[in-house]
Amino acid sequence: MKRLFAFFLISLLSVRLLAQDDLLLSAGHARFNRFYSTGALNDGGFLLCVGDDSNNDWSSYLVSAQRFNNNGEPVGATFQVNSQNGRFGNFFPIVRCADSGFIVFWEVQSEAGAFQDIHGQRFNAAGEKVEEEFSAAGTAQRRAWSPFAFHLADGGFVLCWCADGAYCEIFAQRFDSNGAKMGAEFEVNTTREGHQTQPCGAAFEDGRFIIVWQSDHEGELFLFAQQYAKDGRRIGSEFPIKDADHPAEYVSHHYVAALKDGGFALCWTTNAAEGFAQCFNHSGQPRSNVFRIAPDSLRWIVSPTVTSLPDGHFFICYQAYPIKIVIYEKCHAYGQFYDVYGNCAGRTLTIDASTATYQLDPQSITLNDGSLFVYWTEIEWLDYPWSVWGRRFPPLKKHNLNQFSLLQPKFDETVKTTTPRLSWQAASRQVVTYPWEVSYTVQYDTLMSFATSKTRKAYNDTILTLFRLKPGKAVFWRVRAKNDDGDSLWSDVGAFYVSLNADTSGNVLDPGEEMDDGDGQDDPQEEIPAEFALYQNAPNPFNDWTLIAFDLPEEGEVRLTVYDIRGRETAVLANRLFPVGSHCEWWDATDESGQPIASGVYFYRLEYRDAAGARQIQIKKMSLVK
Numbered sequence: 041m042k043r044l045f046a047f048f049l050i051s052l053l054s055v056r057l058l059a060q061d062d063l064l065l066s067a068g069h070a071r072f073n074r075f076y077s078t079g080a081l082n083d084g085g086f087l088l089c090v091g092d093d094s095n096n097d098w099s100s101y102l103v104s105a106q107r108f109n110n111n112g113e114p115v116g117a118t119f120q121v122n123s124q125n126g127r128f129g130n131f132f133p134i135v136r137c138a139d140s141g142f143i144v145f146w147e148v149q150s151e152a153g154a155f156q157d158i159h160g161q162r163f164n165a166a167g168e169k170v171e172e173e174f175s176a177a178g179t180a181q182r183r184a185w186s187p188f189a190f191h192l193a194d195g196g197f198v199l200c201w202c203a204d205g206a207y208c209e210i211f212a213q214r215f216d217s218n219g220a221k222m223g224a225e226f227e228v229n230t231t232r233e234g235h236q237t238q239p240c241g242a243a244f245e246d247g248r249f250i251i252v253w254q255s256d257h258e259g260e261l262f263l264f265a266q267q268y269a270k271d272g273r274r275i276g277s278e279f280p281i282k283d284a285d286h287p288a289e290y291v292s293h294h295y296v297a298a299l300k301d302g303g304f305a306l307c308w309t310t311n312a313a314e315g316f317a318q319c320f321n322h323s324g325q326p327r328s329n330v331f332r333i334a335p336d337s338l339r340w341i342v343s344p345t346v347t348s349l350p351d352g353h354f355f356i357c358y359q360a361y362p363i364k365i366v367i368y369e370k371c372h373a374y375g376q377f378y379d380v381y382g383n384c385a386g387r388t389l390t391i392d393a394s395t396a397t398y399q400l401d402p403q404s405i406t407l408n409d410g411s412l413f414v415y416w417t418e419i420e421w422l423d424y425p426w427s428v429w430g431r432r433f434p435p436l437k438k439h440n441l442n443q444f445s446l447l448q449p450k451f452d453e454t455v456k457t458t459t460p461r462l463s464w465q466a467a468s469r470q471v472v473t474y475p476w477e478v479s480y481t482v483q484y485d486t487l488m489s490f491a492t493s494k495t496r497k498a499y500n501d502t503i504l505t506l507f508r509l510k511p512g513k514a515v516f517w518r519v520r521a522k523n524d525d526g527d528s529l530w531s532d533v534g535a536f537y538v539s540l541n542a543d544t545s546g547n548v549l550d551p552g553e554e555m556d557d558g559d560g561q562d563d564p565q566e567e568i569p570a571e572f573a574l575y576q577n578a579p580n581p582f583n584d585w586t587l588i589a590f591d592l593p594e595e596g597e598v599r600l601t602v603y604d605i606r607g608r609e610t611a612v613l614a615n616r617l618f619p620v621g622s623h624c625e626w627w628d629a630t631d632e633s634g635q636p637i638a639s640g641v642y643f644y645r646l647e648y649r650d651a652a653g654a655r656q657i658q659i660k661k662m663s664l665v666k
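So, in structure tokens, the structure goes:
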């Protein structure tokens, strides 16, 4: 049989999380000087730092901080971070220390207004200062600004910043988990033409880390990146990241997140106020095209940030204006979940529930319990005081269930008909919060890229028959679920081979399914099952789930029941009216109370009564092996 080549996997992510109400974290800050940052703490909570210029002249700009628990409730009192010496400070990276304390960094400048240095202050777990504030950048002969810090896999962290050099350069310094410097600071960029600005970075679970910055190299503004080994050695050379689809636009306000599989995701905005993102693999090669991070209903995308999630996916939040609203009339914070290939997981979320005019500069972090916290600033108008709000999205609940997957035909199987029957596991058993209960979309193609694909829909069912397939062809297929809350991700890609000698006698379209071939041809006539039939479950024997399919020649009442070897009722899988056609029920090897059952031989019994009241019964045996 002709072997099929490799394929890539996409796993299901339930995206409708139960978010808490908006939480007011800090309020009453002066005018429009919105400088704030957040960082996760070792105790499971987080720290919020806010800059406030009470005189609006930079003469008394102070950085204050407040600790919160993982529910967004304040812990202790607000405390001051920087000294009262009249120096300016903004951009406040926050890092955790091994003793459960933390360090806050910020910019400082002289009275003349030129950025000069980056300072840091260490605190213990109670928020009390430990020693004096210190110079963190160590660039005595150069001005330093725009600090960015991120944690390493070994508990240490990296601080990177901009500094004066031949033009503007990017420097970095490694620290251990106690905040002590490891080695000397090092220059990140090797390209020195133009200005190198806005550094950011992220660390991978294997110890590697990456630093990304903006460069105006050769008259263009785009991004460069450099990967490092866990000991600080360069991995390869720095490499540019260009958006070939928008070559006339420069990039700014970029953000990077390291993903659990070793790849990374990068987002940015352009001079046209558009927001984009791209996914990369372990070696820095693109594994997605550049994609827009907002739906067509939004415009003026600003300030995106990306956060890696514990399940391997990522989340991007940003501010934007609804396209139906006049610019500057109403702005909200939005967010979107993605898989590692940049596929949207569900619908775009409106993060805030505010009626104020502006919801700006959203950021997000993950906490120790796996929850996601999203923060933003709120202001009614330019001269009004501003405040910081947040919303917590609890972690996904964990279930001992199978992932949303394809069942039949098996991968690389040869089928002997041009009308094969496809089946897949019910997504409603895997969803964390809301069931996918409306429909499934099946996409299939002879190309693995799905560039010429056709689609079929199945409602409230997990079985579907394809038609008009060509003998001697490989067919790739995948499924996703849909309800009013949005779409799931696509399932893994399945593949099978239609035999050269395949039967070509029937075109089948099961009742209750909708055809969307996209080829302009008329749909074939539906074929109604000729008789009542109960099929052998698959797989059999099974471990923790199995699929039971059956055909109904007419609409009728169906009761599908599982019995143990002694004839005792174990579970009722269906007890309702079914339409004419082919159907499928999924069983997760649990009893009526939801408890797992023991290994052994079981019987499943299908009782069917048609519209005239005639009753038919079929019984089959199956084996559960754990």
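Position one of the sequence shown corresponds to residue 41 (the numbering used here), numbered consecutively onward. All C-beta atoms, glycine included, are put in the ideal place defined by N, C-alpha and C.
Three-state secondary structure (DSSP) of residue i
{"i": "G634", "result": "coil"}
{"i": "W146", "result": "strand"}
{"i": "H372", "result": "strand"}
{"i": "K661", "result": "strand"}
{"i": "F131", "result": "coil"}
{"i": "Y207", "result": "coil"}
{"i": "W429", "result": "strand"}
{"i": "R655", "result": "strand"}
{"i": "P187", "result": "strand"}
{"i": "R232", "result": "coil"}
{"i": "D591", "result": "strand"}
{"i": "T486", "result": "coil"}
{"i": "S445", "result": "coil"}
{"i": "Y648", "result": "strand"}
{"i": "D557", "result": "Residue placement at D557 is poorly supported in this model, since its pLDDT is 38, which falls under 50; the coordinates still yield a value, given next. Reduced to three states, the DSSP call for D557 is coil."}
{"i": "N408", "result": "coil"}
{"i": "K666", "result": "coil"}
{"i": "T502", "result": "coil"}
Same chain, Cβ closer than 7 Å to residue i, five either side skipped, listed in chain order
{"i": "G324", "result": "A265, Q267, F279"}
{"i": "H322", "result": "G302, G303"}
{"i": "G219", "result": "C137, I143, R162"}
{"i": "L156", "result": "Sequence inspection shows Gln at residue 156; the Leu mentioned does not correspond to that position. Within the same chain, Q156 has close Cβ partners V148, Q149, S150, R183."}
{"i": "V538", "result": "V455, T458, L509, K510, P511, G512, K513, V515"}
{"i": "S663", "result": "N580, P581, V641"}
8 Å Cβ shell around residue i - same chain, five flanking residues per side excluded
{"i": "S186", "result": "F131, E147, W201, C202, T237, Q238, P239"}
{"i": "E171", "result": "R162"}
{"i": "G596", "result": "L617, F618, Y648, R649, D650, A651"}
First through last residue of the beta strand (DSSP E) which encompasses residue i
{"i": "T492", "result": "That residue, T492, is in no beta strand (DSSP E); it is neither H nor E in DSSP."}
{"i": "E597", "result": "596-603"}
{"i": "G352", "result": "G352 -> no beta strand (DSSP E), and no H or E assigned at all."}
{"i": "Y268", "result": "262-268"}
{"i": "R224", "result": "In the sequence as displayed, the identity of residue 224 is Ala instead of Arg. It spans 221-227 - the beta strand (DSSP E) in which A224 sits, taken as one unbroken run."}
{"i": "C137", "result": "Note, C137: premise wrong, no beta strand (DSSP E); not H, not E."}
{"i": "T610", "result": "609-618"}
{"i": "F451", "result": "Element bounds for F451: n/a, residue is neither H nor E."}
{"i": "K169", "result": "169-175"}
Environment of residue i [buried if 16+ CB atoms lie within 10 Å]
{"i": "S337", "result": "exposed"}
{"i": "K505", "result": "Note that residue 505 is Thr in the sequence shown here, rather than Lys. Classification of T505: buried, given that the 10 Å Cβ count is 16 or more."}
{"i": "I134", "result": "buried"}
{"i": "D556", "result": "Summary for D556: the model assigns pLDDT 38, below 50, so the residue's position carries little reliability; its value from the coordinates is reported in the next sentence. Classification for D556: exposed."}
{"i": "P449", "result": "buried"}
{"i": "T118", "result": "exposed"}
{"i": "V121", "result": "buried"}
{"i": "N110", "result": "buried"}
{"i": "V90", "result": "buried"}
{"i": "N541", "result": "exposed"}
{"i": "N577", "result": "buried"}
Integer Cβ distance of residue i from residue j, believed to fall under 8 Å
{"i": "Y361", "j": "R332", "result": "Not confirmed; about 15 Å, so no contact."}
{"i": "P435", "j": "D401", "result": "So it is not a contact: roughly 25 Å between Cβ atoms."}
{"i": "D283", "j": "F320", "result": "No, D283 and F320 are not in contact; Cβ-Cβ is about 13 Å, not under 8 Å."}
{"i": "G241", "j": "V291", "result": "The Cβ separation is near 16 Å, so there is no contact."}
{"i": "I568", "j": "V519", "result": "24 Å between Cβ atoms; not a contact."}
Nonlocal neighbours in the same chain, by C-beta distance under 6 Å from residue i, ignoring five residues either side
{"i": "A589", "result": "I503, Y575, C624"}
{"i": "T417", "result": "R74, L400, D401, W426, V428"}
{"i": "W517", "result": "Y484, G534"}
{"i": "L646", "result": "L574, F590, L600, Q658"}
{"i": "R655", "result": "R649"}
{"i": "V665", "result": "P581, S639"}
{"i": "T388", "result": "P335, Y374, Q376"}
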